[in-house]
Amino acid sequence: MKKQLLSGLVAAALLGTVALPVAAQNIAVVNGQAIPKERADVLRQQVERSGRPITPELEKQIKDEVIAREIFLQEAAKRNLDKDPDFKVQMELARQTILIRELFPDFQKNNPVTDAEIKAEYDKFVAANSGKEYKASHILVPTEAEAKAIIASIKKGAKFEDIAKKQSKDPGSGAKGGDLDWANPSSYVSEFTEALIKLQKGQMTQAPVKTQFGWHVIRLDDVRQAQLPKLEDVKPQIAQQLQQQKLAKFQEDLRAKAKIE
4 MKKQLLSGLV
14 AAALLGTVAL
24 PVAAQNIAVV
34 NGQAIPKERA
44 DVLRQQVERS
54 GRPITPELEK
64 QIKDEVIARE
74 IFLQEAAKRN
84 LDKDPDFKVQ
94 MELARQTILI
104 RELFPDFQKN
114 NPVTDAEIKA
124 EYDKFVAANS
134 GKEYKASHIL
144 VPTEAEAKAI
154 IASIKKGAKF
164 EDIAKKQSKD
174 PGSGAKGGDL
184 DWANPSSYVS
194 EFTEALIKLQ
204 KGQMTQAPVK
214 TQFGWHVIRL
224 DDVRQAQLPK
234 LEDVKPQIAQ
244 QLQQQKLAKF
254 QEDLRAKAKI
264 E
């Protein structure tokens with residue numbers, strides 16, 4: 004397992020290795036061919052980025068792998084495999100992959116997300132989600148007749164939760180007795196929201212509510228002021244989201260500016 008991991012990492016590292024100084028320190032000499040220490044250094048960096056600690060045992064594995072690679076490369080060169088057209092195509096594709104892989108981190112390094120951008124995005128989130136949150140339950144069925152029958156049964160004493168578990172076509176909330184948990188009312192489709200906000204705490208709709216999903220029997224279980232996270236708690240997530248947006252726009256702009264014939 005370790006050897007396979009190292010082999011894959013070496014492949015990636017060697018593909019990205021640039022021309023090395025003639026005077027570079029060598030890790031070994033194979034059949035008269037010096038192996039620059041930088042090859043092992045690049046591989047070590049790849050392993051460190053994966054989160055694995057560099058132990059003496061791993062150092063030896065890295066050295067052994069680099070030496071083995073040189074032996075195999077020399078044999079491949081003897082057989083002129085490096086002149087094979089398919090090899091050249093694969094090398095070009097590898098070159099493109101490495102350059103593109105370097106392009107995006109370079110853009111992100113030179114276009115970091117600022118604290119001001121994060122604060123502005125957080126303020127937009129707060130504005131869109133402030134106000135009241137509603138804890139609702141519902142039972143979803145395909146026909147109005149079924150919904151009316153359910154309302155009648157609940158009025159006669161049947162438990163809302165039991166009916167939801169048996170009959171609701173919403174598998175997520177149905178399994179929880181119809182519970183939709185806390186949510187901003189704007190997160191629901193308009194017909195559902197309009198019916199929900201008219202209810203008092205503990206009330207159930209007296210007539211079925213039709214939406215694109217079917218017919219609902221809705222109950223309002225509780226209301227509270229929106230519980231929003233503090234900026235510090237969501238700052239990393241917002242930064243990541245904005246970074247992804249910037250990168251996506253960078254890619255879109257490059258495509259838009261490209262002259263394609």
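No gaps in the numbering here: position 26 of the sequence shown is 29 in my numbering, and each next residue is one more.
Built from N, CA and C at the ideal position, the CB exists for glycine as well.
- Its Cα nearest to that of Ile142, the residue Ala210 stands out among Val45, Arg72, Ala210, Val226.
- A straight line joining the alpha-carbon of Gly205 with that of Arg258 spans about 55 Å.
- Assigned with DSSP and collapsed to three states, Asp225 falls in strand.
- Ser133 carries a coil assignment under DSSP once its states are collapsed to helix, strand and coil.
- The Cβ atoms of Val116 and Gln203 lie no closer than 8 Å to each other.
- Three or more beta-carbon pairs drawn from the region 145 to 155 and the region 214 to 224 are found closer than 8 Å, and the two stretches are therefore classed as touching.
- The alpha-carbon separation between Thr146 and Glu255 amounts to approximately 46 Å.
- Residue Asp126 holds the alpha-carbon nearest to the alpha-carbon of Lys233 among Pro188, Gln244, Asp126.
- About 6 Å separates the beta carbons of Ala229 and Asn132, which is inside the 8 Å limit, making them a contact pair.
- As computed with DSSP, Thr196 is found in no beta bridge at all.
- Residue pairing by DSSP places Leu143 opposite His219 in a beta bridge.
- Fewer than three pairs of CB atoms, one per stretch, sit closer than 8 Å, so the region 29 to 47 makes no contact with the region 79 to 86.
- The criterion of a C-beta distance shorter than 8 Å is not satisfied by Glu194 and Thr208.
- In this structure, the CA atom of Gln248 is about 11 Å from the CA atom of Gln111.
- Across the set Lys159, Leu250, Gly35, the C-alpha of Leu250 shows the shortest separation from the C-alpha of Arg104.
- Excluding the 5 residues flanking it on each side, Ala31 has same chain C-beta neighbours closer than 6 Å at Ile38, Ile70, in chain order.
- Around the beta carbon of Gly177, a 10 Å sphere encloses 16 or more other beta carbons of the protein chains shown; the residue is thus reported as buried.
- DSSP, read as helix, strand or coil, puts Ile57 in coil.
- Counting only residues of its own chain and dropping the five nearest sequence neighbours on each side, Lys172 has a CB closer than 7 Å to the CB of Leu143, Val144, Pro145, Gly217.
- For Thr208, no beta strand (DSSP E) segment is defined, and its DSSP state is neither H nor E.
- Counting C-beta atoms within 10 angstroms of its own C-beta, Leu96 has fewer than 16 neighbours from the protein chains shown and is therefore classed as exposed.
- The C-alpha of Ile65 is placed about 15 Å away from the C-alpha of Arg52.
- The beta carbon of Lys138 sits closer than 6 Å to the beta carbons of Trp185, Asp224, Asp225 from its chain, once the five residues preceding and following it are set aside; these are given in chain order.
- Note on geometry: alpha-carbon atoms of Gln49 and Pro108 lie some 15 Å from one another.
- Around Ile74, the same chain offers Val33 as residues with beta carbons nearer than 7 Å, after the five sequence neighbours per side are excluded.
- For Lys260, the uninterrupted alpha helix (DSSP H) segment begins and ends at 234 to 260.
- Around Arg55, the same chain offers Leu61 as residues with beta carbons nearer than 8 Å, after the five sequence neighbours per side are excluded.
- Comparing alpha-carbon positions, the option among Leu84, Pro239, Thr196, Glu264 lying closest to Glu136 turns out to be Thr196.
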